[in-house]
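Numbering (the numbering used here), first residue to last: 3 to 204.
Virtual Cβ for every residue (Gly too), placed ideally from N, Cα, C.
The structure appears below as structure tokens.
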Amino acid sequence: MGAPLKETLAAALVTLSRYRGKDPFCDPFCGSGTIPIEAALIAKNRAPGLDRSFSAQRWKNMDAKLWMDAADEAMDKEFHGTYDIWGGDIDPAAVELAKHNASLAGVEDCIRFEVADAGQFHRDSEYGQLVTNPPYGERLLEKKEAEELYRVFGAAMAKMPPKWRILVLSSHTEFERCFGRPAGKKRKLYNGMLKCDLFMYP
């Protein structure tokens with residue numbers, strides 16, 4: 003699995019991809035499923051924190067009806083469509099964890115997870131968004147493995163339909179060289195304390 007992502011960062015990546023629930027959305031290094039799950043929540047227009055309880059609900063001056071009315075309003079605004087959201091990972095344990103996490107988030111019916119090799123990834127649809135967080139290779143031996151992984155993944159991405167929007171988060175300073183082409187745009191981001199670049203294609 004790649005470096006774990008905070009839900010807030012995953013949601014930001016999905017937003018930057020301009021995904022709105024209409025086109026296919028894929029993450030070929032899905033790990034525990036954070037990015038596809040956030041994509042599903044965004045597609046459904048699920049209000050953040052809707053399934054959580056807050057200490058403010060127990061305040062004496064907090065009107066319980068007001069709180070429930072706000073929750074009802076948020077649920078009324080939720081979409082119930084059919085979405086083409088896919089997450090793949092070469093690790094079967096990661097895929098099972100992703101399925102479990104999607105169930106906890108209430109979006110298991112929106113996402114298809116499967117064991118898959120990112121180096122073999124391909125889609126024929128004209129449009130789509132691919133957002134992923136591959137292994138970074140922070141240690142020396144892992145770095146060489148990550149570089150080879152980026153080469154294989156880059157070769158697969160070179161065969162994708164040209165109108166797909168591809169976003170890859172990595173801390174590797176030589177990512178573009180290994181991937182095989184420069185990004186159209188780059189953004190500096192932090193994954194926890196780790197400084198990363200978001201490489202955006204096209």
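- Message: On the criterion of 16 or more Cβ atoms from any shown chain inside 10 Å, does residue 167 qualify as buried, or is it exposed?
- Response: Counting from one through the sequence shown, the residue named residue 167 turns up at place 165. Residue burial annotation: residue 167 is buried, with at least 16 other C-beta atoms found within 10 angstroms of its C-beta.
- Item | Cross-strand partners of residue 193 (DSSP beta bridge) | Indexing the sequence shown from 1 puts residue 193 at position 191. Per DSSP, 196.
- Query: Short check: CB of residue 89 to CB of residue 100, under 8 Å?
  - Reply: By 1-based counting over the sequence shown, the position of residue 89 is 87. By 1-based counting over the sequence shown, the position of residue 100 is 98. Taking 8 Å as the Cβ cut-off, residue 89 and residue 100 qualify as a contacting pair.
- Could I get the ranges of all uninterrupted beta strand (DSSP E) runs contained in the region 104–174, with 3 residues as the minimum, in chain order? 113–117, 130–134, 166–172
- Message: Is the beta carbon of residue 15 closer than 8 Å to that of residue 151?
- Response: Position 149 of the sequence shown holds residue 151. Position 13 of the sequence shown holds residue 15. Here residue 151 is not near residue 15, since their CB atoms are 8 Å or more apart.
- Query: Which residues in the same chain have their Cβ closer than 7 Å to the Cβ of residue 184, if we skip the five residues on either side of it in sequence?
  - Reply: The residue you call residue 184 lines up with position 182 of the sequence shown. Hits under 7 Å: 178.
- Residue interval of the beta strand (DSSP E) (run including residue 87): Counted from its first residue, the sequence shown places residue 87 at position 85. Residue 87 -> beta strand (DSSP E) spans 87–91.
- Item | Cβ-based neighbour list, residue 21, same chain, cut-off 8 Å, excluding 5 preceding and 5 following | Within the sequence shown, the letter at position 19 stands for residue 21. Here the set comprises 27, 41, 44, 45, 131, 133.
- Message: Check this for me: beta carbons of residue 7 and residue 37, under 8 Å apart or not?
- Response: To locate residue 7, count along the sequence shown from 1; it is residue 5. To locate residue 37, count along the sequence shown from 1; it is residue 35. Yes, the pair counts as a contact, with Cβ atoms nearer than the cut-off.
- If you check the beta carbons only, do residue 129 and residue 112 fall under 8 Å apart? The residue you call residue 129 lines up with position 127 of the sequence shown. The residue you call residue 112 lines up with position 110 of the sequence shown. No, these two residues do not count as a Cβ contact at 8 Å.
- Query: Does the Cβ-Cβ distance between residue 96 and residue 33 come in under 8 Å?
  - Reply: For the purposes of this step, residue 96 is taken as residue 94 along the sequence shown, with counting starting at 1. For the purposes of this step, residue 33 is taken as residue 31 along the sequence shown, with counting starting at 1. In contact: residue 96 and residue 33 (Cβ atoms closer than 8 Å).
- Message: Quick check: residue 174 and residue 139, are their CB atoms within less than 8 Å of each other?
- Response: Your numbering for residue 174 matches position 172 in the sequence shown. Your numbering for residue 139 matches position 137 in the sequence shown. Yes; because the gap between Cβ atoms is below 8 Å, this pair is in contact.
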